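Following: one structure in structure tokens, then a few remarks.
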Amino acid sequence: MGIANFSKFKQFKDLIKALPAVYTDEMIKSEQFLLEREEKKKLEIYYAPFEYINERAKVVIVGITPGLHQMKKSYYTVINARGHLHGDEEILHEVKKNSSFEGTMRKNLVKMLDELGLHTYLNISSALDLFDEASHLVHTTSVLTYPVFYNGKNYSGTTPNILKTELLKKNIMEGFAAEIGTIERPLIIPLGVNVTKVLNYLAGQDYLDANNILLGFPHPSGGNGHRHKQFAANKEQMKMMLQHYFSKEMTVG
3 MGIANFSKFK
13 QFKDLIKALP
23 AVYTDEMIKS
33 EQFLLEREEK
43 KKLEIYYAPF
53 EYINERAKVV
63 IVGITPGLHQ
73 MKKSYYTVIN
83 ARGHLHGDEE
93 ILHEVKKNSS
103 FEGTMRKNLV
113 KMLDELGLHT
123 YLNISSALDL
133 FDEASHLVHT
143 TSVLTYPVFY
153 NGKNYSGTTP
163 NILKTELLKK
173 NIMEGFAAEI
183 GTIERPLIIP
193 LGVNVTKVLN
203 YLAGQDYLDA
213 NNILLGFPHP
223 SGGNGHRHKQ
233 FAANKEQMKM
243 MLQHYFSKEM
253 TVG
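FYI, in this note's numbering the residues of the sequence shown are 3 to 255.
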């Protein structure tokens, strides 16, 4: 196990714990948690405690960026860790379990992964276990590690262009690109086309192996009305990729 940018959590932990029991969106999207801002592009990046890296993960699930809901959930976990969680690493691990793709998105994600049979390769009963007793098998992350907002709303990866915007590209290279290199040959599941675009770019730069990317997986957001159609169209291809990947890993292992 490991933690990237450990100093950032030390810097912000007390500020998070000082928040009132009931806090507003404005309280967490405030200057004290602001990491970077680019006014011309209408972009803001805020701190959220998503630094935990599971270096032993077999599977890495990658989104675009944590949204406001995940950010709030992560703060809530830190605030409520006073009694039963003590070390920073333990707190950050709990944040990932509680906050990653939390809500309807997680439900949709699990349903699709179970349809592909991922759980059978991992010897677990369902992909839902990855967010509970089987969390040692998964690393959940985003190509933009910290919450990014465009024009005050969750950044979708489309506008502005993720790879053509210097602030965003810098954050990808300093965060995710460095992070993925600490995990040995994981199966990488990109959630949607914008994440896939970034992973393909990084594969071209030798930061990861393109053969380990599960191509064609749709974004599981409830707002993605095309996800059922996309999933159905790519389902058999993804099943074949999983079979190939895990047979190769058994040979390597």
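Even glycine gets a Cβ: it sits at the ideal position worked out from N, Cα and C. Since this is a predicted model, take the numbers as computed values, not measurements.
Who are the near neighbours of Ala235 in its chain, counting only those whose CB is closer than 8 Å to its CB and skipping five residues on each side?
For the purposes of this step, residue 235 is taken as the residue at position 233 of the sequence shown. Contacts found: Gly218.
Below 8 Å on the Cβ atoms is my guess for Leu193 versus Pro162; work out the distance and round it to an integer in Å.
For the purposes of this step, residue 193 is taken as residue 191 along the sequence shown, with counting starting at 1. For the purposes of this step, residue 162 is taken as residue 160 along the sequence shown, with counting starting at 1. 20 Å between Cβ atoms; not a contact.
For the alpha helix (DSSP H) that contains Thr79, what are its first and last residues?
Counting from one through the sequence shown, the residue named residue 79 turns up at place 77. Its alpha helix (DSSP H) spans residues Leu70 to Ile81.
Inter-residue spacing [alpha-carbon to alpha-carbon] between Val97 and Gly105
Looking up residue 97 in the sequence shown gives position 95. Looking up residue 105 in the sequence shown gives position 103. Those two C-alpha atoms are separated by around 14 Å.
Integer Cβ distance of Thr142 from Ser102, believed to fall under 8 Å:
Position 140 of the sequence shown, counted from the start, is the residue given in the question as residue 142. Position 100 of the sequence shown, counted from the start, is the residue given in the question as residue 102. Contact flag correct, Cβ pair sits at about 4 Å.
Alpha carbon of His95 to alpha carbon of Tyr148, nearest angstrom
Taking the sequence shown and counting its residues from 1, the one referred to as residue 95 is at position 93. Taking the sequence shown and counting its residues from 1, the one referred to as residue 148 is at position 146. Cα to Cα, the separation comes out at about 16 Å.
Would you report the Cα separation of Met3 and Gly89, rounded to the nearest angstrom?
Working through the sequence shown from its first residue, we reach residue 3 at position 1. Working through the sequence shown from its first residue, we reach residue 89 at position 87. Because the pLDDT of Met3 is 47, which lies under 50, any placement of that residue in the model is unreliable, and the number read from its coordinates should be weighed accordingly. Between Met3 and Gly89, the C-alpha separation is close to 13 Å.
Going by beta carbon distance, what residues of the same chain come within less than 7 Å of Ile174, once the five residues before and after it are set aside?
Within the sequence shown, the letter at position 172 stands for residue 174. Within the same chain, Ile174 has close Cβ partners Val145, Leu146 and Val200.
8 Å Cβ shell around Ile81 - same chain, five flanking residues per side excluded:
Within the sequence shown, numbered from 1, the residue matching residue 81 stands at position 79. These residues qualify, in order along the chain: Ile18, Lys19, Leu21 and Ala23.
For Gly154, count neighbouring Cβ atoms within 10 angstroms of its own Cβ and tell me buried if that reaches 16, exposed if not.
Position 152 of the sequence shown, counted from the start, is the residue given in the question as residue 154. So Gly154 counts as exposed.
Suppose the cutoff is 6 Å on Cβ atoms and the five residues either side in sequence are ignored; what does the same chain contact list for Ile63 look like?
For the purposes of this step, residue 63 is taken as the residue at position 61 of the sequence shown. So the list reads Thr142 and Ile191, once near-sequence residues are dropped.
Just tell me which of Phe151, Phe11, Ser9 and Glu181 has its CA closest to the CA of Leu70.
Your numbering for residue 70 matches position 68 in the sequence shown. Taking only the C-alpha atoms, the option nearest Leu70 is Phe151.
Buried or exposed for Gly227, going by 16 or more other Cβ atoms inside 10 Å?
Counted from its first residue, the sequence shown places residue 227 at position 225. Under this definition Gly227 is an exposed residue.
What are the start and end residues of the alpha helix (DSSP H) that includes Val195?
Position 193 of the sequence shown holds residue 195. Note, Val195: alpha helix (DSSP H), Val195 to Gly206.
Tell me whether Met243 is buried or exposed, calling it buried when 16 or more other Cβ atoms sit within 10 Å of its Cβ.
In the sequence shown, the residue the question calls residue 243 occupies position 241. Answer is buried; the Cβ neighbour count reaches 16.
With contact counted as at least three CB pairs below 8 Å, one residue from each stretch, are the region 170–190 and the region 50–67 in contact?
yes
Along the chain, where does the beta strand (DSSP E) that runs through Val62 open and close?
Position 60 of the sequence shown, counting from 1, holds the residue named residue 62. Looking at the DSSP string, the run of the beta strand (DSSP E) that includes Val62 is Val61 to Gly65.
Would you kindly report the start and end of the unbroken beta strand (DSSP E) that includes Thr167?
The sequence position of residue 167 within the sequence shown is 165, counting from 1. Element bounds for Thr167: n/a, residue is neither H nor E.
Using alpha carbons as the reference points, say which of Asn156, Val197, Lys231 and Ile30 lies closest to Leu165.
Numbered from its first residue, the sequence shown carries residue 165 at position 163. Comparing Cα-Cα distances from Leu165 to each of Asn156, Val197, Lys231 and Ile30, the minimum goes to Val197.
Label Ala212 either buried or exposed according to how many other C-beta atoms from any shown protein chain fall within 10 Å of its C-beta, with 16 as the threshold for buried.
For the purposes of this step, residue 212 is taken as residue 210 along the sequence shown, with counting starting at 1. The residue in question, Ala212, is exposed, as its Cβ has fewer than 16 Cβ neighbours within 10 Å.
Helix, strand or coil for Met3, going by three-state DSSP, please let me know.
Numbered from 1 along the sequence shown, position 1 holds the residue referred to as residue 3. Residue placement at Met3 cannot be trusted, given a pLDDT of 47 that sits under 50; the coordinates are not used to answer.
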